[in-house]
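Same order as they appear, the protein sequences are chains A and B.
According to this note's numbering, the first sequence is numbered sequentially starting from 2.
According to this note's numbering, the second sequence is numbered sequentially starting from -4.
Ideal placement from N, C-alpha and C gives every residue a C-beta, glycine not left out.
Just so you know, these numbers come straight off a predicted model, no measurement behind them.
Below is one structure; the comments refer to it alone.
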Amino acid sequence: MKRRELLSGLLAVPAVPIVAMTRPETLTTRKAVFEEVGDDVRMTLALPSLIRARDTDALKSIDSSFDTTLRYSMRVWEYGTREMVTSRVVVVKIRRDPWKKRYVVSRRGEAGWTKRFFAKREAAVAAATSLTRQKIASVAQLERSEAGGPYYFIELLALRNPIDDPADKDGRARGRGGGRDLEWFSRLVDTLAGERARAEKVVHIRTNPFYLVP
Amino acid sequence: MERSERRTYAVPWWGRLWVRVVAALALLGTLCVGASAYLVNLAVDYFDARVGDTLAQAQAVTREVEPFHHELVDSQISAWQARTALMAARFSTQPGAPQQRLERLFDAEQDLVQLRVELASGTTLARDREDEFPQAEFEWFDVTAPLETQAGRSTGQLQAVFRIDPAIDARYQRLGEIKRGLVVEQESRVAVEDAVERVLGIASGLVLLLSMAAGFAVARATTRKATELSRVMTAVADGDLAVRSAAKGADELGQLSAAFNDMLDQLQRAQDRVGYLQRIGAWQEMARRIAHEIKNPLTPILLAVQQLRDKDPGLSKPFSKLLTTSTEIVEDEVEALRRMVSSFSQFAKVPQVRTEPVALSRVLDEFERAYGHLTDEAQDVLDVAKPTPDPVLVADRQLIKQVLVNLVENAVLSAREAGRSPVRVEVSAHVDVDAVELRVDDNGPGIPAGRREAVFEPYETTREQGTGLGLAIVKKVALDHRGDVWVDASPLGGARFCLRLPRAPAD
């Protein structure tokens, strides 16, 4: 076993109980509306806490025409089990268009990017922080039943301006400077400093359970 | 014993050498590691401040750059508006058909996506490059300018749609990412600094612990030897010469321990030698007195018995027979006493050793000539092997020959008593650097390992007819030569007596 693998294993040991305790069922529950539209199961849910009206830094960033990226990671779980049915990711970007003096909300779904334009910032923020009739699964992926189950729920991880690991961008291992020892030292420091912020804002919730009627 | 215990345990634990060495190592290690950690901490703080300044400057740069983008956008819009007004003016003033004028204007402007003219008459003229700049990939910006008025009436308007250079927006978004990264770095500085200090603290602690453990091990190993030597010296001072130091190793303390043990061995041997010689001396004195006290009345007893036998008138045959038998018994016993007295006298009169350099071969030759054949039996064998080269001993030649005679006779008598036939005795020599070991091997019954020391004590013998004085004389002579004698098992099946004698210094 290489030294790096051994140290990674040792460092990962304390995280095991934490990971084991982080079950989707233990997350805060938010009420969402589920609909069956054609072959799709769709969800409507608002997450205003991602960009609050009093978050001046976030609003200032939007007004300065920088893209504010919202990444919604949705996982469909069967309630009472640890089986994930399906998952999908939706990326939304909001910014003020300096050319046309309006707010643009871009959304990347299965069909590519779509844009909506707003004159008011509040409307644009509300649109960006809401998932409206968002497809979460195909009907075929879920089982129909009476009220006895099975039930499903959505685990939703919403990140505002997620920070990607540099290794994801250019393929280089994350490290500060050269040298294996320095790389190890950096990893140890990162571990002791706690998990570095993955995003400016993180909202991790679960929805109320739902089921498909026969 | 009490003195020894008092000397060993009177020192309190904090006064012991190993405790003080470990404490000194711990203090030095703490000082070194602490100083290093302090300097590293200073370096971390220094570079953290430098990084903080750099981050602050970088954030200031991004703040300064932000307005440039907006100014660039506004300037670009103003430029497009001016160009559109200019195109409207040119369209109104240039000659030619409207469509031709529109096409000339459109061809001259490469960043135009569309150029459209709506005349007052209701006619609309248009040219575009939508295929080249599709809206799905490019942002468009449209500007409208009125055509020149004629007689106070509008003649129409010109609408230009420009392509927004995507590189402008892309550069700005990259700036946004950099700005967010700078904010994250700035916010995590304190946590990272704390983590670095914790890592350094842990590493310093581990280094200190390891160095203390290593120091403890080394100090214990070193001071344990010193403690062991101290214990042994205390025991020796209390008169216990049997104690030995258990400290080992190739270092100075190990060598000192080995030398001290050698010294104790020599001291022990000297003490044993002196003790043995004192015992022998006492036995010799006692033998001399016994011999003197017994020898004197033997002759009158013998004469008296002979007179009794001679004066027998022979009146009674039974009485004469009884008298003859009794006098023969008395004469036999007197003769036995005389032999014993002779042995005692011989033992009591072992002469003083007068050493001189003498070649071993000469001693062995003279012994072989004097001894002749081993026994009366022709098949019995005495084999004398002389070493080459011939070593020179510092010895009393006559006494060494006497010792060899005693050893060989002892071997022959032991073998005979054990019923060995033929009797075989070998005399050989093993030459060392500073001594010669004379060996007398026999095929007798040998001597059990538990009795090999005791046979040299006076009046200790394994033979029925032995007096127990021959080997005592041998040992006394050996010790008087500053040599030694001992018994081993012989390859011939019996005993091997080894007599170690010193070699001449110049040999």
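For residue 65 of chain A and chain B, any beta-carbon pair shorter than 8 Å? Contact with chain B is found for residue 65 of chain A, since one of that chain's Cβ atoms lies less than 8 Å from the residue's Cβ.
Anything in the region 165 to 183 of chain B with a Cβ closer than 9 Å to a Cβ of chain A? List those residues in chain order, please. Within the region 165 to 183 of chain B, 167, 168, 170, 171, 172, 174, 175, 176, 178, 179, 182 and 183 place their CB atoms closer than 9 Å to a CB of chain A, listed in sequence order.
Can you tell me whether residue 33 of chain A is buried or exposed? The criterion is at least 16 other CB atoms within 10 Å of its CB, across all chains shown. By the neighbour-count rule (16 or more Cβ atoms within 10 Å), residue 33 of chain A is buried.
Beta carbon proximity, residue 68 of chain A to chain B, threshold 8 Å: It does; some Cβ of chain B falls within 8 Å.
Enumerate in chain order the residues of its own chain whose CB-to-CB distance from residue 171 of chain A is below 6 Å, with the five nearest sequence positions on each side excluded. In this prediction, residue 171 of chain A has a pLDDT of 48, which is less than 50 and means its spatial position is unreliable; what the coordinates show is noted afterwards. Taking residue 171 of chain A as the centre and dropping the five residues before and after it, the same chain places no C-beta closer than 6 Å to its C-beta.
Got a sec: which bits of the region 11 to 32 of chain B sit with their beta carbon under 9 Å from any beta carbon on chain A, in order along the chain? Those residues of the region 11 to 32 of chain B placed with their C-beta closer than 9 Å to a C-beta in chain A do not exist.
Any contact of the region 114 to 128 of chain A with the region 149 to 165 of chain A, i.e. 3+ C-beta pairs under 8 Å? Put simply, the region 114 to 128 of chain A does not touch the region 149 to 165 of chain A. Fewer than three CB pairs are less than 8 Å apart.
Starting from the C-beta of residue 203 of chain A, find all residues in its chain whose C-beta is less than 7 Å away, skip the five residues before and the five after it, and write them out in chain order. Within its own chain, the residues whose Cβ lies closer than 7 Å to the Cβ of residue 203 of chain A, once the five positions on either side in sequence are excluded, are 160, listed in chain order.
Give the straight-line distance between the Cα atoms of residue 206 of chain B and residue 194 of chain B, rounded to the nearest whole angstrom. In this structure, the straight-line span from the alpha carbon of residue 206 of chain B to that of residue 194 of chain B is close to 18 Å.
The beta strand (DSSP E) spanning residue 353 of chain B covers which residue range? For residue 353 of chain B, the enclosing beta strand (DSSP E) has its first and last residue at 351 to 354.
Do you know offhand how far residue 189 of chain A's Cα is from residue 210 of chain B's? Going from the Cα of residue 189 of chain A to the Cα of residue 210 of chain B covers about 28 Å.
Since residue 193 of chain B meets chain A, which of its residues come closer than 8 Å, beta carbon to beta carbon? Those within 8 Å of residue 193 of chain B in chain A are 193.
Return the bridge partner residues of residue 159 of chain A from the DSSP annotation. Answer is A:73 and A:204, bridged to residue 159 of chain A.
DSSP bridge partner residues for residue 377 of chain B (one or two, in chain order): Looking at the DSSP output, residue 377 of chain B bridges to B:420.
What beta strand (DSSP E) runs, 3 residues minimum, are completely inside the region 454 to 484 of chain B? Those beta strand (DSSP E) runs which fall completely within the region 454 to 484 of chain B and span 3+ residues are 479 to 484.
Helix, strand or coil, according to DSSP, for residue 143 of chain B in the structure here? Three-state DSSP puts residue 143 of chain B in coil, outside helix and strand.
DSSP state of residue 86 of chain B mapped onto helix, strand, coil: DSSP, read as helix, strand or coil, puts residue 86 of chain B in helix.
Measuring CB atoms only, is the region 419 to 430 of chain B touching the region 369 to 389 of chain B, in the sense that at least three cross pairs come out at less than 8 Å? Touching, per the Cβ criterion.
Excluding five sequence neighbours on each side, which residues of the same chain lie with their C-beta closer than 6 Å to the C-beta of residue 382 of chain B? Within the same chain, Cβ atoms closer than 6 Å to the Cβ of residue 382 of chain B are found at 424 and 426, the five residues on either side in sequence being excluded.
Can you find the residues in the same chain that come closer than 8 Å, C-beta to C-beta, to residue 90 of chain A, ignoring five residues on each side of it along the sequence? Result list for residue 90 of chain A: 72, 73, 74 and 75, in chain order.
Selection of the region 143 to 159 of chain A by Cβ proximity to chain B, strictly under 7 Å: From the region 143 to 159 of chain A, no residue has a Cβ closer than 7 Å to chain B.
If you measure between the beta carbons of residue 152 of chain B and residue 140 of chain B, is that distance less than 8 Å? Cβ distance < 8 Å, so residue 152 of chain B and residue 140 of chain B count as in contact.
Span of the beta strand (DSSP E) holding residue 109 of chain B? For residue 109 of chain B, the enclosing beta strand (DSSP E) has its first and last residue at 107 to 114.
Spatial distance of residue 14 of chain B from residue 220 of chain B (CA atoms): For the pair residue 14 of chain B and residue 220 of chain B, the Cα-to-Cα distance works out to about 14 Å.
Residue burial classification, residue 42 of chain B (beta-carbon count within 10 angstroms, cutoff 16): Exposed is the call here.
Which residues bound the beta strand (DSSP E) around residue 99 of chain A? It is not in any beta strand (DSSP E) - residue 99 of chain A carries neither H nor E in the DSSP assignment.
Residue 89 of chain A (DSSP reduced to helix, strand or coil): Residue 89 of chain A: strand per DSSP, three-state reduction.
Whole angstroms are fine: how far does the CA of residue 289 of chain B sit from the CA of residue 487 of chain B? Whole-angstrom Cα-Cα distance: 41 Å.
By DSSP, does residue 486 of chain B sit in helix, in strand, or in coil? Correct three-state label for residue 486 of chain B: coil.
If you drop the 5 nearest sequence neighbours on each side, which residues of the same chain put their C-beta closer than 8 Å to that of residue 110 of chain B? The answer, listed in chain order, is 82, 97, 100, 101, 104, 121, 122, 123, 153, 154, 155 and 156.
Just the C-alpha distance for residue 465 of chain B and residue 296 of chain B, rounded to the nearest angstrom, thanks. Using only the alpha carbons, I get a separation of about 29 Å.
According to DSSP, which residues form a beta bridge with residue 38 of chain A? Beta-bridge pairing by DSSP links residue 38 of chain A to A:41.
Contact under 8 Å by Cβ, residue 474 of chain B with residue 430 of chain B: At the C-beta level, residue 474 of chain B and residue 430 of chain B stay beyond 8 Å of one another.
Buried/exposed call for residue 142 of chain A, threshold 16 Cβ in 10 Å: Residue 142 of chain A should be labelled exposed.
Chain B contact residues for residue 1 of chain A, given Cβ-Cβ distances below 9 Å: In the structure as shown, chain A starts at 2 and stops at 215, and residue 1 of chain A therefore has no counterpart that could be examined.
With a 10 Å radius around its C-beta and 16 neighbouring C-beta atoms as the bar for buried, classify residue 100 of chain A as buried or exposed. Counting Cβ neighbours within 10 Å, residue 100 of chain A comes out buried, since at least 16 surround it.
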